[in-house]
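Right, one structure below, let's go through it.
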Amino acid sequence: MKDGLEERAPIGARFFARPSEIVAPALLGALIITEIDGFRTAGRIVETEAYVGPSDEASHAAGRIGQTARNAVMFGEPGVAYVYRSYGIHWCLNVVTNERGFPAAVLIRAIEPVSGIETMRRRRALPPDAPDPAVGRGPGNLTRALGITGALDGHRLDQPPLIIARDSAIPQSAIAAGPRIGISRATDWPLRFWVRGNAAVSRNRS
DNA sequence: GAAACGATTATCT
DNA sequence: GATAATCGTTTCA
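By the count of the numbering used here, the first sequence reaches residue 1066 at its end, each step adding exactly one.
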């Protein structure tokens, strides 16, 4: 497929070797590109959440939990995908941040479709009249649209089949922050970031 | 081995 | 806004 994404340079690992509360807003506007089952799909990140480390009680790697089989890649190299099963049903995509040994990550909560939208719609099995921004709205929905599964847990994000690349920068004035969603601890930490007013943001898009 | 709990979503009212 | 669906991961006995 000729979509102009063939030569898009991946973001280097150094970008991710910073605190997740820095990486999370910096990822807004970046592209996620997958080549799965023979189809290229791509979306622009418009919503993220930071999980900042062992002191973060809402994190899968909170200090009271420690390292387990599920969260192991959070303890490893930055710039790697952490993919986990949510509610036994959905896959959720994170990017590991900070340095090896310090468990932190950024959850990707929403994308707006950029390329391969027909493939994404087929994977989602959406009704034909569903608007485009609904295709990648929500962490479980975007992984399904992009074809991401647990097979990509631990995958480096600078090579196929799953790449994150820089694209349009989002002006600071267009980035909004607020409390994270769907958690029961540390609910007052403003670690959710989104592109203000973007239709693909999952909730409270103001 | 058993039980509780979700970093959610779809489908109601 | 409220709730059911649904099952992997973790924790506890």
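Where is the CB? At the ideal position from N, CA and C, for every residue including glycine.
- Annotated three-state conformation of Ile-905 is strand, per DSSP.
- In this structure, Leu-1006 places its C-beta atom within 8 Å of the C-beta atom of Gly-903.
- Taken in chain order, the complete alpha helix (DSSP H) segments of 4 or more residues contained in the segment 966-1048 are 977-984 and 999-1006.
- A distance of 8 Å or more separates the beta carbons of Arg-981 and Ser-1062.
- Burial state of Glu-909 is buried, judged by a 10 Å Cβ sphere holding 16 or more other Cβ atoms.
- According to DSSP, His-950 shares a beta bridge with Ser-946.
- Burial state of Glu-907 is buried, judged by a 10 Å Cβ sphere holding 16 or more other Cβ atoms.
- Partner residues in the beta bridge of Phe-899, as assigned by DSSP, are Ile-896.
- Linking Asp-863 to Gly-1038 through their CA atoms gives a straight-line distance of about 34 Å.
- Judged by DSSP in its simplified three-state form, Arg-874 adopts helix.
- For Val-1055, the enclosing beta strand (DSSP E) has its first and last residue at 1052-1055.
- Take the alpha-carbon of Pro-973 and the one of Arg-1004: they are about 13 Å apart.
- Burial is judged here by how many other beta carbons sit within 10 angstroms of a residue's own beta carbon; Asn-1064 has fewer than 16 and is exposed.
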